[in-house]
Each structure stands twice: as C-alpha cells, then as structure tokens.
Amino acid sequence: MPSQVTLVSESHSSPSPALRLIQGDQEQELVQVEDLESDVLESLRKKLQDADKEIILEVINLPNWPTEKREILYEINREYHCRLIVNGRVFSDPFLAALDTMVGDEDPASHKLTLNCAIQTAAFYHYDDPCLPSKKINERLKQLKAAVRPSKWLNSQISQYGNRESEETASSASPAEMAIAFLEQHRISHKLSDADKVVCYFQGDHYIWDGRRWENIQESRFQAKVMAFLQTLNLTKLNERFLRDVISHLKGQTLLDCWDESLPFLITNHQPLEIKRPHFIVFSNGIIDVGQAIQNPKKTCKLLDFDPQYFNEVVLPYNFSSKAKCPLWIETIKEILPAKSKADKRLLVLQEFMGYTLLHDCRFQKFMILIGDGGNGKSTITETWQAMLGDENVSAVGLEVLGGEHRQWALKGKLANFSGELPYLGKINEGLLKRIVSGEPVDANRKHREPVKLRLQAKLIVNTNDLPSINDATRATWDRMVTIPFLERFRDTQKDDKDRAIKLREELPGIFLWSLKGLIRLLKNNKFTKCEVCEKITQEHRTDSDSVLAFVKECCQQHSGHVLFSQKLFETYRLFCERSGRNKPFGESEFGKRMIRAGFEKMRSRVQPNGKRPPGYRDIKLSEEGLEYWKQIKHKYSGFEDDDDNPVRIGYQHDQT
Numbered sequence: 001m002p003s004q005v006t007l008v009s010e011s012h013s014s015p016s017p018a019l020r021l022i023q024g025d026q027e028q029e030l031v032q033v034e035d036l037e038s039d040v041l042e043s044l045r046k047k048l049q050d051a052d053k054e055i056i057l058e059v060i061n062l063p064n065w066p067t068e069k070r071e072i073l074y075e076i077n078r079e080y081h082c083r084l085i086v087n088g089r090v091f092s093d094p095f096l097a098a099l100d101t102m103v104g105d106e107d108p109a110s111h112k113l114t115l116n117c118a119i120q121t122a123a124f125y126h127y128d129d130p131c132l133p134s135k136k137i138n139e140r141l142k143q144l145k146a147a148v149r150p151s152k153w154l155n156s157q158i159s160q161y162g163n164r165e166s167e168e169t170a171s172s173a174s175p176a177e178m179a180i181a182f183l184e185q186h187r188i189s190h191k192l193s194d195a196d197k198v199v200c201y202f203q204g205d206h207y208i209w210d211g212r213r214w215e216n217i218q219e220s221r222f223q224a225k226v227m228a229f230l231q232t233l234n235l236t237k238l239n240e241r242f243l244r245d246v247i248s249h250l251k252g253q254t255l256l257d258c259w260d261e262s263l264p265f266l267i268t269n270h271q272p273l274e275i276k277r278p279h280f281i282v283f284s285n286g287i288i289d290v291g292q293a294i295q296n297p298k299k300t301c302k303l304l305d306f307d308p309q310y311f312n313e314v315v316l317p318y319n320f321s322s323k324a325k326c327p328l329w330i331e332t333i334k335e336i337l338p339a340k341s342k343a344d345k346r347l348l349v350l351q352e353f354m355g356y357t358l359l360h361d362c363r364f365q366k367f368m369i370l371i372g373d374g375g376n377g378k379s380t381i382t383e384t385w386q387a388m389l390g391d392e393n394v395s396a397v398g399l400e401v402l403g404g405e406h407r408q409w410a411l412k413g414k415l416a417n418f419s420g421e422l423p424y425l426g427k428i429n430e431g432l433l434k435r436i437v438s439g440e441p442v443d444a445n446r447k448h449r450e451p452v453k454l455r456l457q458a459k460l461i462v463n464t465n466d467l468p469s470i471n472d473a474t475r476a477t478w479d480r481m482v483t484i485p486f487l488e489r490f491r492d493t494q495k496d497d498k499d500r501a502i503k504l505r506e507e508l509p510g511i512f513l514w515s516l517k518g519l520i521r522l523l524k525n526n527k528f529t530k531c532e533v534c535e536k537i538t539q540e541h542r543t544d545s546d547s548v549l550a551f552v553k554e555c556c557q558q559h560s561g562h563v564l565f566s567q568k569l570f571e572t573y574r575l576f577c578e579r580s581g582r583n584k585p586f587g588e589s590e591f592g593k594r595m596i597r598a599g600f601e602k603m604r605s606r607v608q609p610n611g612k613r614p615p616g617y618r619d620i621k622l623s624e625e626g627l628e629y630w631k632q633i634k635h636k637y638s639g640f641e642d643d644d645d646n647p648v649r650i651g652y653q654h655d656q657t
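Quick note on numbering: the sequence shown equals residues 1 to 657 in UniProt numbering.
Shown next as structure tokens:
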C-alpha cells in the first residue's frame, strides 16, 4: 500500500494561509498562499519524486482563495491525481467540492463568492462540456432556493475561464441574457445578494454601486463599460445594435421609478417602491446615523456598514472617528472671529451653518454671506469648510449666473455651493435664489434632455470683499440671509500662515464633529443663534442696497401732520441718487411702492391753486440734508405753496390712493 503524503492549505493547528507538506509526524511549510506561484510546481516535483505515494490535497475555505491561486492548486491536483478533501469531506471532483461549499440565502455574500469559485472550477475541469456543469450549478442553486442563472451565460463564463471558445453558445445569447449577466458580474464583484441592486436607471441617468455610494456616470462611459464586458464573452455578433439592445434591457431591468424624488433616500422595498429619508452620512470607512446622534448627543455614534439600499452620491473623503479632535481649528477660528462683545456670536453662527451644510434638506431657508476685505481669514475658513464636505461634494456656481441654462443641474447632489464676488442680484436671480434656499422644486435643465424637478440640498455660501446690491424691496431675501463680517486682518502680519488651510486638512474628522455639534444646537433651538453683529451688518446692507431706504434714512424725517407731494419727493430722491453715486434710481412707480413698504401712507391733497390735487405722503418731511437737495431743484417747479423752503403742508383728504 503506498504511503500517504498530505498537502494542506490551511490546518486548524496552523491556521495561517500556507501550503504545507505533511509526511507522518513531520510538517513542512512550502509556501505562503499569497506567494503561491506556478514555479511552486517545480519545487513540489522535487519533493514528490517517489511515485509510490498517494497524494491527499486537503483544502479549507477554497472559495476565499484568489482566482489565480486556485488555478495553481488545480494544476497540482490534476498532475498528481490527488484525493481531494475540502472542509473535511472527500471528493473525487473538485467541481463537486466547489458546489458543496456553496451556501444559500442566509449568507448571500459567501454564496456569490462560491458561485464564482464553482464557475472557475468547472472551467478548469469541464471546459470541453460546459453544459453539464452549468446544469449542476443551477440544480445546486435550486436546492439553496437561490435565483438560477441563465444557462447560456453560465456556459459562456465557463468557456471564458477555460480559455476555450464556444461561439455557438455565446453568439446565441440574447441581449436580455447579457443584461442579466452584466448585473450578475457586478453583484459578484461586490459580494451582494440577488435582492441588491448594483445598477440603477434614475431620472434618465445610469448609477453604478461602487461599494460605498452610487456613482452617476455619463451615458458614453456606461456604454463603454457594457461593451468591455461583452467583449470578454467572445460574442461573434457583437455590434452597435446588439450593444444598444443590451443597454435598453438594462434600463428596463434597473429602472428606479420615482422620477421626481431627490437624492438621498433609503429604499425599503422595491415592489412596490417604498422609500424613507434617514439622515445618514457616508464616510470612507462606513455610515453614521446623524438622527441618532441628534437624539442622543452624548452617545457615541455607531459606524454602520455600507448599504446599496441607501441611494446616495455623497461620501466624505475621510474616516469617521468619534474621538477625533481639532485643536488647530479651534485656535484658528478664535483668531479669525474673536468675540468683540457678549452679543458677538459670530463663531456660533458659523458652527451652526457648517453643520447646516451636512443636513439633507433646507428647512431653515438660509444662505450665508462672508464679508470682509482680503487677508482676514475668510479663505482659510472656506477652504477648510470645502475640504470637510469633500471637493467632489461642493460646486462653485456664481449666484449672478445661477439663472443660466443648465446651472441648477450643476448643484445636483452637492452639499454646498461656494461662490465669490457678487456685484448685483437682479429680480430673476432673487426669485430663483429664494426657491433654492427654501428647498422648493426647481426645473433643472440638462443639455439635449428633458428637464427634471429637483429639490436641491446645496446650501449657498458667498465669499466676498463687498456686499452685493440686492434688488428686493420685500423682506423675503433679507430674511433668508445670514451675514458674517470678518473684522481682523492677518496679511503681512506675524499671524499670516499661508499653509494654515493645508495643515487643517489633518483635522477634518475633528472639524466634522465640531460642525455636528453646531447642527445639533441648530436643530434643538430650531433657529440660528442671535448675533447682533451679524444682524447689524445685514440691516446696513439692506439700507445700502435699497436706494429708497437710504434716501428715507438720510433725507427724510417722520413728522405728524406734515405731507410731502409725491413728485417733489421723487425728484429729490433722484438728485440724491445722482449725487451719492448710487445705482440707477427706481422709476416713480417703483419708488412709490417702496415708500409704502417703508411705512409711509400715500394720499391725495386738497385742490391746489393750479386746480390739481397732486398725491403726497403723510407724516413725512425732509431733513436738513434733504432740504439741501430740494433747494437745488425747487426752481424747476411752480404752482405749489411752500412752507419755510419745505414742500407744501396740505390738508388731509379722505379720498386716499
């Protein structure tokens, strides 16, 4: 009886993955599995020169081996006609052993891995007749109550692995079967179950799961991916029409039929489609549930596994750590935004808005303006802010061009939009600005495609040296604005650290936790922290932007019982705008509307000597500065009674307009 020699890939006594030679009581390590190459066969031949030996090949966890390592093991088995023991069971056929290791629905990831192992093993031992192993694979899948695979696809895969052409089988595969095969390949590569989607067709775009997030890829790139896959199958009738048919089937098989929904959302059921909107944030090392962090601020966030059911494009480009710190960041922001008084809460407002950019909705309906001359730290903060969110997750569309075609589409899937100098916002921009800031749906136009309604989650941040002129007489825009003035200056001083933003990138996990505290406080208070410094500059900004308000502030006074004629007041306003270098003055109609919004009542006078009843404004008179303007133009007007060089005081009438 021949002596026995056992080759062991892994043993329970020595679990490290290596190939060991056991003869009697002696055990010798031949090679580590990770170093297993084809030249190990020569080494084995020298050690197994005695033909009067029975070679036993004992293998543990074969499906977990890399593909190229399994092939070397198969070469050993085929050359020495080994008796094969896999996971303690004896098999005459490695392919049958591979099938036996396949597990069912309770472990879908391992199931995919072992299916790939079974296909490869069948290719190595049964490439000449792929139909038989294909049949056995599907029989095994039925036993496991798992989805069977198209026989033609299995045949082509076995032929491909075995480096044998099977033109008749491959060329007869239909586009629908090739679409299924493409999806199956991606499921196997990501170790996902049949229930998991790996490709989605949503709002006319293709999305592919990359293991952490859903990547939106262009149509041309998607076609290239599908074509590259089809070219590996030795199809004899592969042409543009066949490719188009495969992609058409992929669109139908992967359709996510919720066209008007906006990302991100969690798919809780596919048929019928049901979604939820948990507040997840995805990092390089997993997912955290911000909702739980908000409910239990003192409890450590638990890191969750990546989940393809969470339809999301955004990944923060660093690992989450609940113990991360950011001492340099704290030092930096205290230098840039030092409290000038107890009412100066600029630092808290910044912390809350940075946290707000992590929120998936726009419930607080605010945008931010960072204002101040250069060299004051604004750029250091915005660069670090963008790095905390991730460069891929922010956009840079100027608000002055936000109404341009295709511009809103650039904000899709972004957490924030950072723009620079903003000289003027016209009426059209202001209307769109309000809708985006409020989270209302906008019609996003795409080149050569139908528009899509989107609720953009990108928060708008403007970094500017000068406050923009805003043409909005109502409070709508002003109520949505949060302005932080930067009052320090660091350029050409000892504190001018030009590499500070680069250094702060080392603290991004800690800066995230700092921002998260701001978000938790914002949600708890349901409003931004009151800051008198921010509110003061916003009010000054509003006055400077509205020439009528500026005129009232500088040239008018409230005076009970006094009335100013509308025409004289308007002409005085026009001269004020001309002499103060302001933008083009408003027309008389718009001037009247803004005077009423400023709190003044319009009415008609009694009949004047010239027989007319001109309109006027009640309870208002010109200040000394306003009178100086009036004196320069009063000679142009006649037919009005004057009172001490002030436009006429006239009796009230009840027929007000």
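Heads up, the beta-carbon is just placed ideally off N, CA and C, and yes, glycines get one too.
Residue i versus residue j: straight-line alpha-carbon distance, rounded
| i | j | result |
| --- | --- | --- |
| V226 | L328 | 48 Å |
| Q271 | L432 | 36 Å |
| R579 | G377 | 35 Å |
| A195 | N525 | 41 Å |
| L99 | S156 | 18 Å |
| K517 | G390 | 19 Å |
| K495 | C362 | 36 Å |
| E430 | R244 | 43 Å |
| E213 | H190 | Note that residue 213 corresponds to Arg in the displayed sequence, not to Glu. One C-alpha to the other measures close to 12 Å. |
| R455 | G398 | 19 Å |
| L84 | E274 | 48 Å |
| residue 661 | D443 | The chain is shown from 1 up to 657; residue 661 falls before or after that span and cannot be answered. |
| F306 | P264 | 14 Å |
Cutoff 8 Å; reference residue i; Cβ partners in own chain excluding five residues on either side
| i | result |
| --- | --- |
| Q231 | L238 |
| E352 | G518, L519, R521, L522, F528, T529 |
| G374 | N465, R491 |
Given residue i as reference, the closest of the options once Cα atoms are compared
| i | options | result |
| --- | --- | --- |
| C258 | Q203, G404, A343 | Q203 |
| M368 | L316, V401, I288, T464 | T464 |
| E535 | R480, D499, A98, I461 | R480 |
| A97 | I137, P66, I72, C131 | I137 |
| L622 | H562, A501, L304, L399 | H562 |
| T121 | Q143, E139, L316, D93 | D93 |
| P278 | S284, I294, N285 | I294 |
| T572 | E540, E624, E532 | E624 |
| T300 | L454, Q32, D289 | D289 |
| L601 | H635, K584, S566, L575 | Reading the sequence as shown, one finds Glu at residue 601 and not Leu. When only C-alpha atoms are compared, the closest one is S566. |
| L415 | I180, Q26, D205, V437 | V437 |
| Q632 | P615, F576, P585 | F576 |
| A176 | P150, V199, V198 | P150 |
| E440 | D260, L508, C556 | D260 |
Cβ neighbour criterion (16 or more within 10 Å) applied to residue i
| i | result |
| --- | --- |
| A123 | buried |
| E167 | Per-residue confidence for E167 stands at a pLDDT of 42, beneath the threshold of 50, marking its modelled position as unreliable; the derived number appears in the next sentence. By the 10 Å Cβ count, E167 comes out exposed. |
| E184 | buried |
| L347 | buried |
| I333 | buried |
| V90 | exposed |
| L132 | exposed |
| S589 | exposed |
| K560 | Reading off the sequence shown, one finds Ser at residue 560, where the question assumed Lys. Counting Cβ neighbours within 10 Å, S560 comes out exposed, since fewer than 16 surround it. |
| T236 | exposed |
| G545 | Reading the sequence as shown, one finds Ser at residue 545 and not Gly. Label assigned to S545: buried. |
| T384 | buried |
| H635 | exposed |
| A343 | exposed |
Cβ neighbours of residue i in the same chain (closer than 7 Å, five flanking residues each side left out)
| i | result |
| --- | --- |
| M595 | V548, Y617 |
| K434 | A476, T477, R480 |
| F418 | T382, Q386, V394, A396, I461, N463 |
| residue 716 | This structure cannot settle anything about residue 716, because the visible part of the chain is limited to 1 through 657. |
| N116 | I188 |
| V401 | R407 |
Beta-carbon contacts of residue i that lie in its chain and below 6 Å, excluding the five residues immediately before and after
| i | result |
| --- | --- |
| A173 | K152 |
| Y201 | K251, T254, L255 |
| R582 | S547 |
| D205 | N216 |
9 Å Cβ cutoff, residue i in contact with chain C
| i | result |
| --- | --- |
| V437 | In summary, chain C is missing from the structure at hand, where a single protein chain is found. |
Do the region 508-521 and the region 322-337 touch if we need at least three Cβ pairs shorter than 8 Å? yes
Would you call the region 409-424 and the region 434-449 touching, i.e. three or more CB-CB distances under 8 Å? yes
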